[in-house]
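This report refers to the structure that appears directly beneath it.
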Amino acid sequence: MSKKRSKVRFQNEFDLIKVHYKKQSRGQSLTCLDMFNGRRHLRKRSAAGILWGSLLLTVISATVLGKTTTVVYASDVEKYTNADFAMDTVVSETLYTSGEDINTQIGEKLREMETTLLSWTEENSQISQLNNADGKTMEVSDELAADLEKIRQLSQESDGAFDPTLGKIIRLWDIDGENPHVPDQSEIDTLLPEVGYEKIQMDGNNVTLLDGCTLDLGAVGKGMGCDLIMDYLRSQPDVSGMILNLGGSSVMTYGEKPDGSPWKVALTDPRDTEGDYLGAITLDANQFLSTSGDYEKYFIDDGIRYHHILDPKTGYPVWNGLTSVTIICDQGYLADGLSTACFVLGMDAAKPLLEKYDAEAVFVDEDKNVYVTSGLMDKFELMKDGYIVNEL
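Per this note's numbering: the sequence shown ends with 390, consecutive numbering throughout.
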């Protein structure tokens, strides 16, 4: 079985280029391509058997990986760039500040959130403890209680299209693990009764998981990380602007660049992840962007693409003609969760959900149609031939 190597290119007109993931077929490694600083790096996670390869990072200025600084513009503002690894993914940071470089603290905060709150593999994380409580009530932190309330509300509003209780079925498919495979129908049927956001019972900070349900917050985790960093930046008066990229699927902008130019992010072509980019989106200050796509994590079996976005009602990957959904809104967890929910619902059924949360979206389908909500039409730029842009 041959392996494909990601094509590396520079795109200096963007603040950052989205990371994308590929699993071409069973047994191949997961590849990550991020554009941020003009260097190639490899990172291995031996415990999970995943190779992070062909990592190239590029931004507008020619700074290098780490804490190298570049004084920009005629002011006391400095630009700091950094690449890190947290929350099981590559983290890219560009910071504008008149104070000290706080990129290291940002990575530390993300790793702390993962290990103490979100991880299902860290035995001391609250999610792991909840999953292992065997249906007993557990008191969680104020932070997790507030997050779970918001997550349950999104699940309800999306009619279960977004559901955080798919944990056991996600493990069964193992799409981003060492043994991605199509489970037997009987295995899926056995686990489906344990899926359902209604099984998360809450009384203040007391949480009970009913009927053996297992939490997995992977569909909102990076967005929650962006929310965490946004709150942290608001407590840093010296910081004037930042763009943060978690794994390429979640992006956050904070404040402004010193020259007042907009933040600009490129979107991957779901069917040509190594070629030219599909398009670019201009983001305002303090916005969150999240993309869910069938090209991010997947394997091919008998010519069928099995990807990581599962339908909570069937336990199978969603096949509805969509290849990617990008959401822009004012909260990170919401952008993350909505991108999954809207992918599962499909474009037409997703419209009321977008309106309720005042979110903008870009839908891409297998026929190379790009559907852009009205609020983004003047901020989206098509870059790839063969696609047609339609206003949604």
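Glycine included, C-beta positions come from ideal geometry on N, C-alpha and C.
Compute the beta-carbon to beta-carbon distance between residue i and residue j, rounded to the nearest angstrom, for a pair I have assumed lies under 8 Å.
i, j, result
"D236", "T119", "Not a contact, Cβ separation roughly 36 Å."
"N129", "G165", "7 Å"
"L226", "K107", "6 Å"
"G239", "A143", "With a Cβ gap of about 32 Å, G239 and A143 do not count as contacting."
"D363", "S288", "In fact, because the Cβ distance is near 18 Å, the residues do not count as touching under 8 Å."
"K382", "D267", "5 Å"
"Q285", "D328", "7 Å"
"G245", "K220", "6 Å"
"I391", "V218", "In the structure as shown, the chain begins at -1 and stops at 390. Residue 391 is therefore absent and cannot be evaluated."
When DSSP builds the beta bridges, which residues end up paired with residue i?
i, result
"H305", "Y296"
"M240", "L93, Y252"
"K262", "T280"
"V370", "V360, E389"
"A81", "S90"
"F286", "M250, C327"
"Y205", "It is worth fixing the name first, because residue 205 is Val in this sequence and not Tyr. V205 is bridged to M136, M200."
"L164", "T212"
"G291", "S322"
On the criterion of 16 or more Cβ atoms from any shown chain inside 10 Å, does residue i qualify as buried, or is it exposed?
i, result
"A60", "For A60, the predicted model reports a pLDDT of 28, less than 50, meaning its position is unreliable and no value from the coordinates is stated."
"P162", "buried"
"R3", "Low confidence applies here, because R3 scores a pLDDT of 27, under 50, leaving its location unreliable and the question unanswered by this model."
"T251", "buried"
"M345", "buried"
"G423", "Because the chain is modelled from -1 through 390, residue 423 falls outside the range shown and cannot be assessed."
"G76", "Rather than Gly, the amino acid found at residue 76 in this sequence is Glu. It counts as buried."
"L55", "Only weak support is given to the placement of L55: the predicted model assigns it a pLDDT of 27, under 50, and the value that follows is read from those uncertain coordinates. With 16 or more other Cβ atoms within 10 Å, it is buried."
"G330", "buried"
"N80", "buried"
"S184", "exposed"
"E389", "exposed"
"G223", "buried"
With a CB to CB cut of under 6 Å and the five nearest residues on each side skipped, what residues in its chain are close to residue i?
i, result
"A46", "Residue confidence for A46 is low, a pLDDT of 29 falling below 50, so the modelled location carries little weight; the figure read from the coordinates is stated next. Excluding sequence neighbours, A46 sits near nothing in its chain."
"G313", "I167, I186, L190"
"A359", "I325, L352, T371"
"D172", "P178"
"L318", "The amino acid occupying residue 318 in the given sequence is Asn; Leu does not appear at that position. The answer, listed in chain order, is G344."
"D229", "none"
"A159", "A339, V342, L343"
"D292", "H305, T321"
"Y385", "K366, V368"
Where do the N-terminal and C-terminal ends of the alpha helix (DSSP H) with residue i fall, by residue?
i, result
"M200", "From DSSP, M200 is part of no alpha helix (DSSP H) but of the beta strand (DSSP E) over 198 to 201."
"P147", "Checking the sequence shown, residue 147 turns out to be Glu, not Pro. Element bounds for E147: 140 to 155."
"I227", "216 to 232"
"D334", "330 to 343"
"D187", "183 to 189"
"E110", "101 to 111"
"N129", "124 to 129"
First and last residue of the beta strand (DSSP E) that includes residue i?
i, result
"F378", "378 to 380"
"N318", "Segment: none, N318 is in no beta strand (DSSP E) and carries neither H nor E."
Kindly list the residues whose CB is nearer than 8 Å to the CB of residue i, restricted to its own chain and excluding five residues on each side of it in sequence; keep chain order.
i, result
"K65", "Here K65 scores only 39 on pLDDT, less than 50, and its place in the model is too uncertain to base an answer on."
Which residues in the same chain have their Cβ closer than 7 Å to the Cβ of residue i, if we skip the five residues on either side of it in sequence?
i, result
"K255", "Y94, G239"
"G105", "D82, A84, V89"
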